[in-house]
Amino acid sequence: MDGWKERKSAGRERLALHGSQDDGRGTAYPEKPRELPEFHIPPCNQTWSSRDQGKGVGAQWVSKKNCLQDVSDQMAQRQTLPSPGSCLDTASCISLASRFCFSTIYAWDGACVWIPCNYRIPGKENILSHLILYHNFSYDNTNKNYSGTILYKNQKAKEFPPHQERVQFLGNERGNCTLYINPVKVSDSGQLGLRLMTVGPEKWMESIGLNVSEKAPPPHIQLPPEIRELQEVTVTCSLNFACFGYQIHLRWSLEEPAVNVTTLAPKTPPTTHITLTTKTISSQSNLMFQPQWTHHGKNLTCQLWDPTEQHILSEKTVQLDVKHLPKLKIQVLPREATVMEGASVTMECQVISSNPQHRQISWLKNGNPLPGTKNVLLLPEVTRDMSGKYHCEAVNVLGSGKSEAVDLQVLYAPEPSRVQLSPSTVQEGNQVKLTCVSRANPHPTNYTWYYNGIEMPGRTNQNFQIPEALLRHAGRYSCLAENSLGLGQVGEEAELDVQYPPKEVTTVIQNPMPIREGDSVTLLCTYNSSNPRVTRYEWDTVGSRVLPAGLTIQNVAWDTGPVKCAACNQWCFWSPLVNLDVQYAPKDVRVLISPHTEIYSGHRVLLQCDFSSSRPADIHFFWKKNGIFLEEGKDLSFDSISPEDAGSYNCLVNNSIGQTESKAWAVQVLYAPRRLHVSVSPKDGVIEGGEAVLTCESDANPPISHYAWFDWNNQDLHHYDQTLRLNPVKVQQSGAYWCQGTNRLGRSQSPPSTLTVYYSAATISRRAALGVGFCLAVFILAIWGVKLQRSWKRIQSQQRLQENSSGQSFFVRNIKARRTPQAEGPHSLGCYNPVMEDAVSYAALRFPPGETDSPRLGDAGTSEMQGLSPNRDDTVTYSVVQKSQLGDYENVTPSVLEDEGIHYSELVHFGAGERPLAQEGVEYIILKH
Numbered sequence: 005m006d007g008w009k010e011r012k013s014a015g016r017e018r019l020a021l022h023g024s025q026d027d028g029r030g031t032a033y034p035e036k037p038r039e040l041p042e043f044h045i046p047p048c049n050q051t052w053s054s055r056d057q058g059k060g061v062g063a064q065w066v067s068k069k070n071c072l073q074d075v076s077d078q079m080a081q082r083q084t085l086p087s088p089g090s091c092l093d094t095a096s097c098i099s100l101a102s103r104f105c106f107s108t109i110y111a112w113d114g115a116c117v118w119i120p121c122n123y124r125i126p127g128k129e130n131i132l133s134h135l136i137l138y139h140n141f142s143y144d145n146t147n148k149n150y151s152g153t154i155l156y157k158n159q160k161a162k163e164f165p166p167h168q169e170r171v172q173f174l175g176n177e178r179g180n181c182t183l184y185i186n187p188v189k190v191s192d193s194g195q196l197g198l199r200l201m202t203v204g205p206e207k208w209m210e211s212i213g214l215n216v217s218e219k220a221p222p223p224h225i226q227l228p229p230e231i232r233e234l235q236e237v238t239v240t241c242s243l244n245f246a247c248f249g250y251q252i253h254l255r256w257s258l259e260e261p262a263v264n265v266t267t268l269a270p271k272t273p274p275t276t277h278i279t280l281t282t283k284t285i286s287s288q289s290n291l292m293f294q295p296q297w298t299h300h301g302k303n304l305t306c307q308l309w310d311p312t313e314q315h316i317l318s319e320k321t322v323q324l325d326v327k328h329l330p331k332l333k334i335q336v337l338p339r340e341a342t343v344m345e346g347a348s349v350t351m352e353c354q355v356i357s358s359n360p361q362h363r364q365i366s367w368l369k370n371g372n373p374l375p376g377t378k379n380v381l382l383l384p385e386v387t388r389d390m391s392g393k394y395h396c397e398a399v400n401v402l403g404s405g406k407s408e409a410v411d412l413q414v415l416y417a418p419e420p421s422r423v424q425l426s427p428s429t430v431q432e433g434n435q436v437k438l439t440c441v442s443r444a445n446p447h448p449t450n451y452t453w454y455y456n457g458i459e460m461p462g463r464t465n466q467n468f469q470i471p472e473a474l475l476r477h478a479g480r481y482s483c484l485a486e487n488s489l490g491l492g493q494v495g496e497e498a499e500l501d502v503q504y505p506p507k508e509v510t511t512v513i514q515n516p517m518p519i520r521e522g523d524s525v526t527l528l529c530t531y532n533s534s535n536p537r538v539t540r541y542e543w544d545t546v547g548s549r550v551l552p553a554g555l556t557i558q559n560v561a562w563d564t565g566p567v568k569c570a571a572c573n574q575w576c577f578w579s580p581l582v583n584l585d586v587q588y589a590p591k592d593v594r595v596l597i598s599p600h601t602e603i604y605s606g607h608r609v610l611l612q613c614d615f616s617s618s619r620p621a622d623i624h625f626f627w628k629k630n631g632i633f634l635e636e637g638k639d640l641s642f643d644s645i646s647p648e649d650a651g652s653y654n655c656l657v658n659n660s661i662g663q664t665e666s667k668a669w670a671v672q673v674l675y676a677p678r679r680l681h682v683s684v685s686p687k688d689g690v691i692e693g694g695e696a697v698l699t700c701e702s703d704a705n706p707p708i709s710h711y712a713w714f715d716w717n718n719q720d721l722h723h724y725d726q727t728l729r730l731n732p733v734k735v736q737q738s739g740a741y742w743c744q745g746t747n748r749l750g751r752s753q754s755p756p757s758t759l760t761v762y763y764s765a766a767t768i769s770r771r772a773a774l775g776v777g778f779c780l781a782v783f784i785l786a787i788w789g790v791k792l793q794r795s796w797k798r799i800q801s802q803q804r805l806q807e808n809s810s811g812q813s814f815f816v817r818n819i820k821a822r823r824t825p826q827a828e829g830p831h832s833l834g835c836y837n838p839v840m841e842d843a844v845s846y847a848a849l850r851f852p853p854g855e856t857d858s859p860r861l862g863d864a865g866t867s868e869m870q871g872l873s874p875n876r877d878d879t880v881t882y883s884v885v886q887k888s889q890l891g892d893y894e895n896v897t898p899s900v901l902e903d904e905g906i907h908y909s910e911l912v913h914f915g916a917g918e919r920p921l922a923q924e925g926v927e928y929i930i931l932k933h
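No gaps in the numbering here: position 514 of the sequence shown is 518 in our numbering, and each next residue is one more.
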């Protein structure tokens with residue numbers, strides 16, 4: 005019971021056999037690296053497994069669905085080795101032999117056996133250690149092991165020799181257990197057992213039957229449920245055998261072995277496909293073809309062919325049952341189906357084949373059914389109307405089948421002839437074909453033609469043509485037909501009508517000539533003859549009113565072209581063109597200028613007056629500038645054009661009908677800036693604080709793009725607009741201004757223009773108040789001057805009286821040099837307001853220390869003067885301020901500017917005693933402002 009004990013070990017990994025997945029591919033091996041084609045079979049629902057029974061090895065089908073319960077019961081009751089496919093644990097059910105969906109492998113003596121096998125060992129570390137292949141094995145309950153003929157066994161664990169006599173192991177230790185036996189013998193038939201053991205205690209046994217016959221078994225042919233003619237079908241030939249070491253072919257033949265399969269005309273040549281998986285071992289060939297009704301009842305054979313020995317191993321034959329429509333054939337007497345009128349004809353409809361059986365037969369003539377359903381059609385006395393094509397038709401459950409047609413010909417002499425015209429009505433000059441029509445069998449071989457009852461010699465054919473039908477060909481035509489049975493009769497005549505369009509069509513002008521633009525014109529259409537009659541007229545121009553044979557054109561246009569008309573019956577014929585010769589004034593008058601580019605001052609310019617047409621052609625040209633007549637002539641030339649020549653030019657062209665004026669052409673002359681001048685606003689001057697606007701006016705084309713401004717000192721004011729605004733304006737801005745203008749052709753500057761700025765009332769008031777104050781100051785100084793003069797005179801007289809005394813007096817006058825008037829600058833016009841200069845002079849007299857004052861002459865208090873302190877500071881300071889006189893007028897520059905100062909100083913030192921010798925000093929200080 006070691007197998008059972010091995011499976012009770014807790015925590016051990018389980019070993020399970022598994023085949024390849026249901027992908028339809030064979031197992032790939034290093035020795036046979038090829039991919040096998042898939043052959044789909046129904047999936048297996050049961051597995052074949054072996055199990056211990058105590059006395060040997062038995063077999064049992066185990067359902068996958070109930071395997072858990074079944075195997076659990078077996079294990080509980082028998083305590084034996086679980087069969088492959090049993091449950092390995094309580095959580096899942098693994099079918100070990102489920103990959104062997106077949107219980108037996110078939111082969112024949114001398115062939116080989118390929119046993120595809122896969123297994124799976126749960127766990128990564130547990131691997132296969134031993135593999136034994138038994139033949140007719142059994143289980144020994146005593147030894148608790150299997151016994152039998154060993155075909156393959158590895159002696160060392162995990163080492164699997166590739167060959168052991170006839171057996172090759174093509175697997176490995178991790179999943180592949182495929183075996184190959186070559187060759188096999190009849191004695192090899194029996195049970196094969198595959199014993200697998202892992203490194204651990206797990207051991208498994210898998211069994212499969214091997215059936216080796218003496219000869220190769222016949223293949224199996226699978227036919228579709230129903231085969232219909234011309235419907236593509238697939239027939240399958242299969243054999244439950246496949247081995248990579250033994251090559252076989254499945255070949256097809258029809259009726260006899262010697263007949264090749266190409267007789268069936270298959271779309272795809274059949275090939276043998278091998279499927280070798282744990283689910284399927286088979287060889288298969290599919291034949292796709294379109295069966296014909298002739299294949300019905302024929303034998304189809306599939307042969308097992310040995311390409312090495314070149315002989316047939318076995319074969320299988322089936323009979324084809326091809327469903328098809330009835331196949332019919334008509335037997336006619338006489339056989340040629342050609343009889344004289346009045347003879348007897350017999351037709352028999354024979355059914356060649358019908359699967360399933362046909363039900364009834366019917367007859368048709370020229371596709372129309374005939375009465376009767378018998379297979380024989382009897383025509384005792386045929387007439388010419390019985391000629392035609394006859395069919396017979398039979399019906400079965402698939403449909404109706406039709407025989408090939410029998411053309412019955414009844415012979416007779418020509419019938420009365422008639423002439424057929426093509427076309428029935430011919431236009432003059434066109435081709436016409438005449439055909440003689442007469443029923444006859446056989447066909448007529450000779451014809452006679454008649455024109456107006458007179459035979460036409462040389463005309464013996466059924467047809468003749470008139471290439472160009474003329475009026476002389478019109479008339480009556482007839483014919484007579486003849487065949488081998490005799491002459492016919494002249495039948496109905498045909499009338500040839502040669503028609504033609506109206507002839508000599510002309511267009512007539514009803515108006516007096518000449519015709520002027522805008523007149524009303526009447527035209528008539530006339531013709532000479534017509535067949536058939538004229539029914540309508542057509543015109544090639546649109547008129548306001550259409551007459552039956554005429555046309556009225558209201559307000560005729562100047563460009564009306566030639567006119568023509570057509571008189572129409574079945575065809576239209578056009579008249580020659582008639583020119584209306586409409587008279588009109590010149591058209592499309594325009595001015596042409598040269599050059600076409602920009603015109604510069606001083607260049608040569610030519611204006612030409614052009615027009616498109618004029619009728620009459622005698623014309624005259626005139627020129628106008630700005631609407632005023634300029635001169636006559638076609639051309640207007642400027643040898644050296646000037647800006648004054650710019651303007652709007654028109655040219656006029658007239659003839660005897662009228663005059664046409666062109667559109668105005670603007671001539672623009674480009675030149676550099678010129679005639680620049682500065683416009684001052686306001687013109688008569690501006691009061692300070694107001695706004696002065698200076699505008700640089702010029703004449704330039706193109707207009708000035710850049711301006712510059714300058715003052716009377718030629719100083720650039722850095723202002724670049726056309727207008728210079730001074731706001732608020734100052735008196736100091738009075739002066740001459742000029743501007744400069746530039747365009748892309750050159751530069752120019754204006755002459756200077758003077759801007760005069762006047763004082764405002766407030767400024768004048770301030771200046772007046774200052775003048776009045778100055779006058780008062782002068783007046784006061786004058787009074788003081790008189791007083792000083794008197795005092796000085798008095799001192800002079802006293803000094804003379806005291807020449808011998810110690811008293812001293814002096815007079816100092818300081819006259820300043822006159823300044824020359826300032827030179828007048830350029831363009832110094834306008835207001836001048838001189839500023840008065842004030843001069844202040846100071847004089848200081850200091851007495852030496854210790855000096856005593858002497859009494860003044862005529863003073864009574866000499867004693868008091870002597871009593872003064874010698875240390876006091878006896879200093880006298882004088883100052884005089886003198887202002888210049890203001891001019892009478894504000895805007896007049898004085899001719900002489902005077903600045904004069906007078907200084908007076910007086911020192912009287914009265915005293916009777918002698919003056920000590922001490923140096924006396926006088927200091928002067930002058931301040932100007």
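Ideal Cβ positions, reconstructed from N, Cα and C, are used throughout, including at glycine. This structure is a prediction, so every number in the text was calculated from the model and none was measured.
Give the secondary structure of Cys247 by DSSP, where H, G and I count as helix, E and B as strand, and everything else as coil. In the structure shown, Cys247 sits in coil (DSSP, three-state: anything other than H, G, I, E or B).
Taking Val567 as the reference, give the member of Cys576, Ile557 and Asn573 with the closest Cα. The shortest C-alpha separation from Val567 is found at Ile557.
Taking the alpha helix (DSSP H) that Val673 belongs to, which residues open and close that run? That residue, Val673, is in no alpha helix (DSSP H); its beta strand (DSSP E) goes Val673 to Ser685.
Please name the residue, chosen from Pro706, Ser666 and Val761, that lies closest to Val697 on a Cα-to-Cα basis. Checked all of Pro706, Ser666 and Val761; the closest Cα to Val697 is Val761.
Sequence ranges, alpha helix (DSSP H) only - wholly within the region 746 to 790, length at least 4: At a cut-off of 4 residues, not a single continuous stretch assigned as alpha helix (DSSP H) sits fully inside the region 746 to 790.
Beta carbon of Val595, beta carbon of Asn654: below 9 Å? Against a cut-off of 9 Å, the Cβ pair of Asn654 and Val595 comes out as a contact.
Reduced DSSP category for Leu474 - H, G, I as helix; E, B as strand; rest coil: Looking at Leu474 - three-state DSSP - the assignment turns out to be coil, as it is neither helix nor strand.
Leu332 and Glu233: beta carbons closer than 9 Å? Judged by their CB atoms, Leu332 and Glu233 are not nearer to each other than the 9 Å cut-off.
Name the two residues that bound the continuous beta strand (DSSP E) containing Glu635. Judged by DSSP secondary structure, Glu635 falls within the beta strand (DSSP E) whose first and last residues are Ile632 to Glu636.
Grab me the residues of His134's own chain with a C-beta within less than 7 Å of its C-beta, minus the 5 sequence neighbours each way, in chain order. The residues are Asn158, Ala161 and Met201.
Opening and closing residue of the beta strand (DSSP E) in which Cys353 lies: Segment Val349 to Asn359, the beta strand (DSSP E) holding Cys353.
Val239 and Pro228 closer than 9 Å at C-beta: For the 9 Å CB-CB criterion, Val239 and Pro228 form a contact.
Identify which residue in Leu474, Ala115 and Ala765 has its Cα closest to the Cα of Glu432. Glu432 has its Cα closest to that of Leu474, out of Leu474, Ala115 and Ala765.
Using 9 Å as the threshold, is the C-beta distance between Glu695 and Tyr763 below it? Not in contact: Glu695 and Tyr763 (Cβ atoms no closer than 9 Å).
Quick check on Cys247: buried or exposed, where buried means 16 or more other Cβ atoms within 10 Å of its Cβ? Buried, because 16 or more other Cβ atoms sit within 10 Å of the Cβ of Cys247.
How about His624 and Asn659: are their beta carbons less than 9 Å apart? Their beta carbons are under 9 Å apart, which means His624 touches Asn659 by this criterion.
Could you check how far apart the C-beta atoms of Leu425 and Val436 are, in whole angstroms? I think they sit under 8 Å. Right, their Cβ atoms sit about 6 Å apart.
When you compare the CB positions of Ser211 and Phe106, do they come within less than 9 Å of one another, or not? No, Cβ-Cβ distance for Ser211 and Phe106 is not below 9 Å.
Based on Cα-Cα distance, which residue from Ala589, Leu611, Pro580 and Asp643 lies nearest to Ser605? Among Ala589, Leu611, Pro580 and Asp643, the Cα nearest to that of Ser605 is on Asp643.
Output the distance between the C-alpha atoms of Gln466 and Ile334, rounded to the nearest integer angstrom. Each residue's alpha carbon lies about 36 Å from the other.
DSSP-derived helix/strand/coil call for His299: Helix at His299.
Simplified DSSP state of Lys406, which is helix, strand or coil: Correct three-state label for Lys406: strand.
Do the region 643 to 652 and the region 713 to 726 touch if we need at least three Cβ pairs shorter than 8 Å? The answer is no - the region 713 to 726 does not touch the region 643 to 652, with fewer than three Cβ pairs under 8 Å.
Buried or exposed: Glu319, going by 16 or more other Cβ atoms within 10 Å of its Cβ? Its Cβ being crowded by 16 or more others within 10 Å, Glu319 is buried.
For the candidate residues Val560, Leu243, Phe293 and Lys507, whose alpha-carbon lies nearest to that of Leu280? The closest CA to that of Leu280, considering only Val560, Leu243, Phe293 and Lys507, is found on Leu243.
Alpha-carbon to alpha-carbon, Ile365 and His253: If you take the alpha carbons of His253 and Ile365, they lie about 48 Å apart.
So, for Gly689: in the same chain, excluding its five sequence neighbours on each side, which residues have a beta-carbon less than 6 Å away from its beta-carbon? Correct list, in chain order: Thr760 and Tyr762.
Where does Glu904 land, buried or exposed, given buried means 16+ other C-beta within 10 angstroms? Residue confidence is low: Glu904 scores 45 on pLDDT, short of 50, so the model does not pin down where it sits. Its coordinate-derived value is still stated next. With fewer than 16 Cβ atoms within 10 Å of its Cβ, Glu904 is classed as exposed.
According to DSSP, simplified to helix, strand and coil, what is Val190? Correct three-state label for Val190: helix.
Proximity below 9 Å, CB of Ala553 to CB of Cys572: The beta carbons of Ala553 and Cys572 sit no closer together than 9 Å.
DSSP state of Trp562 mapped onto helix, strand, coil: It is coil, neither helix nor strand.
For a quick check, are the C-beta atoms of Ala676 and Asn747 less than 9 Å apart? Less than 9 Å divides the Cβ of Ala676 from the Cβ of Asn747.
Are at least three pairs of beta-carbons, each pair with one atom in the region 736 to 755 and one in the region 706 to 718, less than 8 Å apart? Judged by Cβ distances under 8 Å, the region 736 to 755 makes contact with the region 706 to 718, as three or more pairs qualify.
Ordered along the chain, which non-local residues of its own chain (more than five positions away) have a Cβ less than 8 Å from that of Asp639? Contacts found: Leu610, Leu611, Gln612 and Cys613.
Is Pro330 helix, strand or coil when you go by DSSP? Under the three-state reduction of DSSP output, Pro330 falls in the strand class.
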